[in-house]
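Student: Structure incoming, see below.
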Ligand SMILES: [Ca+2]
Ligand SMILES: [Ca+2]
Ligand SMILES: [Zn+2]
Ligand SMILES: [Zn+2]
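Protein chains in written order, with the working numbering: chain A, 1041 to 1368; chain B, 1041 to 1368.
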């Protein structure tokens, strides 16, 4: 029947999603229902020029591929580390995790190169948008997402909208401080939850233990050539290394206390943890909340994200929502 | 002329304002432009029954006086310590600062006794409403108020509205933690800014110093019979007591770091400090922000409230705004 032939040739409304992280630069074609059609990944260059060149090159490749996949790209969405002015599509300021990444207009060059509307927001805010559209945040009016990856980011949804703040610095949840002293942070301060509980922080502690020959325990699988990571710390703790366990316990306490600070400030009905360390932190964070939060927030649900790519999906969601609404 | 005679007999639209604090129970008649016409103050009783009886007795006295002052009372507004459900007019839960103060319906008994509509919110939220209507928050879309009195409370205005949160526990700013360990707090946790920087906390430290005979310095005016307070600690520091100065410095750092945590969460354009310690903390808090906050929030304005009675004025503002709007 004719309807089937038409279905076959109809293009799918899609988004180009770009994720600029501390480690990688990624691009994806994402279709309306959140399916990632194709994904491209490269190490994120250390300089501004190389980064912009690579990003535009990857986008153009994706645009060509999108034609083959019958995806009609409605716009580009960018998720990036750092503070972002989403109205102007500009990265205002980033910590050392992404170098040469201050006062960068992303909208103009991408829009000029691809002839597409462009939306930009920070990675934490994008992750919150992804949960809102495709994950645990569907239909939830007030929730917070905390991403524990290389760094720690976050996004706050209040009355179904992102909280950006007066200078686009809301939900910089990685830089909530839980100690007056505490470990140094990439932001220049001390005692931030990012400095205690991020992948970077755990790797720093793992390396310290390794240098003192205190990391590897009997039966632990770790090659000499392998670089030390947060995962080794977690493995060591699981296999009985009490020093590793104490470090992780402190990291989880710091993260939990930081999250309680968020609860005592905006009191969301749900916390979504995402990023590589989310499933590790879920239980201890819930425990810290039960120990140290005010009674009225102790029943908060702390869930682990089911989304494989929150930053990319959130970047795509700006396009899929705003391009069809035609407002922002 | 006739118009003058009418002016003379016209009643002034007014509110009955009630403030239930850790120390005192206060009632006031407040007219539309924020003028406190008459104020009543008693020590806040320690038991539920005595407190309710006294409150209603004071309210009835105020209602009788309001007739003499030609004030037409449109409703009663209540500011109280603890978590409040403002929709139902119920105090959900309070810390030990106000005893026997959980699951207390304030609206029904007050409304029944006075035949008036009644609005209830917590003291921090009331202080924010007071700033919004009569103080530094006039015309400011996003701001936070932090009250440093006996305890520490706060209120958050986002898009011109109070943030109450999903279980009415938003803006419990006194229980933002800035230490994983730190001093014990009335809430059961540790390291809360209330446990470092409130009047209670400073009094606790002043007493400790006094017991060790380390508080009083040469030339300091302090009678033997006098009970030791936060003010003595501040006086001692000003007169060269370095231990007192170190305690105050730590308190100010804790408060500053706690406020930065708020800035990194909701990023308001202004912080209003109120309460007896506000003017003391303003400069050090601004300094801590310049040292430890993300660049994008360092230019935040920290101001000291000009309002003499933020809790009472905020309680009144609910009546003056909502009774005339006829919605809540
Ligand atoms: Ca964010
Ligand atoms: Ca409050
Ligand atoms: Zn930091
Ligand atoms: Zn506390």
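Glycine included, each C-beta is placed from N, C-alpha and C at the ideal position. These numbers were taken from a predicted model, which means no experiment stands behind them.
(1) Since residue 1286 of chain B is in the beta strand (DSSP E), which residue starts that stretch and which ends it?
(2) Output the distance between the C-alpha atoms of residue 1329 of chain A and residue 1301 of chain A, rounded to the nearest integer angstrom.
(3) Thinking residue 1219 of chain A and residue 1309 of chain B are a contact (beta carbons under 8 Å), I'd like their distance in whole angstroms, please.
(4) Which residues bound the beta strand (DSSP E) around residue 1130 of chain A?
(5) Could you list the residues in the stretch 1324 to 1357 of chain A with a C-beta less than 7 Å from some C-beta on chain B, going in chain order?
(6) So is residue 1367 of chain A in contact with chain B if we call contact Cβ pairs under 9 Å?
(7) DSSP three-state label for residue 1182 of chain B, please.
(8) Quick one: does residue 1224 of chain B have its CB under 9 Å from some CB of chain A?
(9) Whole angstroms is fine: what's the gap from residue 1118 of chain B's alpha carbon to residue 1229 of chain B's?
(10) Taking 9 Å as the CB-CB limit, is residue 1041 of chain B close to chain A?
(11) When the Cα atoms are used, what is the spatial distance from residue 1358 of chain B to residue 1316 of chain A?
(12) At a Cβ threshold of 9 Å, is residue 1056 of chain B touching chain A?
(13) For residue 1199 of chain A, count neighbouring C-beta atoms within 10 Å of its own C-beta (all shown protein chains included) and say buried if the count is 16 or more, exposed if not.
(14) With residue 1239 of chain A as the anchor, note down where its alpha helix (DSSP H) starts and where it stops.
(15) Give the DSSP bridge partners of residue 1165 of chain A, in chain order.
(16) Does any CB atom of chain B fall closer than 9 Å to the CB of residue 1131 of chain A?
(17) Just by C-beta distance, which residues in the stretch 1113 to 1130 of chain A are closer than 7 Å to chain B?
(18) Which residue comes first and which comes last in the alpha helix (DSSP H) that contains residue 1364 of chain A?
(19) Grab the span of the beta strand (DSSP E) containing residue 1112 of chain A for me, first residue to last.
(20) Which class does residue 1229 of chain A belong to by DSSP, given the choice of helix, strand or coil?
(21) Just to confirm, is the Cβ distance from residue 1053 of chain A to residue 1353 of chain A under 9 Å?
(22) Per DSSP, residue 1197 of chain B forms a beta bridge with which residues?
(23) Determine the chain B residues that contact residue 1217 of chain A at a beta-carbon separation under 8 Å, and present them in chain order.
(24) By DSSP's criteria, residue 1192 of chain B is part of a beta bridge. Which residues make up the other side?
(25) My output table needs one value for residue 1207 of chain B: the three-state DSSP class, helix, strand or coil.
(26) Looking at ligand 3, does it come within less than 8 Å of residue 1098 of chain A, judged from the CB to the closest heavy atom?
Tutor: On the basis of the coordinates in this document:
(1) Not the beta strand (DSSP E): residue 1286 of chain B falls in the alpha helix (DSSP H), residues 1282 to 1306.
(2) 10 Å
(3) That pair is no contact at about 27 Å.
(4) 1130 to 1133
(5) 1332, 1334, 1335, 1336 and 1337
(6) For residue 1367 of chain A, the pLDDT reaches just 47, beneath the cut-off of 50, and the residue's location in the model is therefore unreliable, although a value from the coordinates is still provided. No - not a single Cβ of chain B is within 9 Å of the one on residue 1367 of chain A.
(7) coil
(8) No, residue 1224 of chain B does not count as interfacial toward chain A.
(9) The C-alpha of residue 1118 of chain B lies about 28 Å from the C-alpha of residue 1229 of chain B.
(10) A caution first: residue 1041 of chain B carries a pLDDT of 46, below 50, which makes its placement in the model unreliable, though a value can still be read off. For residue 1041 of chain B, the answer is no, since every Cβ of chain A falls outside 9 Å of its Cβ.
(11) Using only the alpha carbons, I get a separation of about 46 Å.
(12) no
(13) exposed
(14) 1239 to 1251
(15) Paired residues: none, contrary to the question.
(16) Nearest CB-CB separation between residue 1131 of chain A and chain B: not below the 9 Å threshold.
(17) 1123
(18) 1350 to 1365
(19) 1111 to 1120 is the extent of the beta strand (DSSP E) around residue 1112 of chain A.
(20) In the three-state reduction of the DSSP assignment, residue 1229 of chain A falls in the coil class, being assigned neither a helical nor a strand state.
(21) For residue 1053 of chain A and residue 1353 of chain A, no; Cβs fall outside 9 Å.
(22) B/1183 and B/1202
(23) 1218, 1297, 1300, 1301 and 1332
(24) B/1188
(25) In the structure shown, the three-state DSSP call for residue 1207 of chain B is coil.
(26) Flag unset: Cβ of residue 1098 of chain A not near ligand 3.
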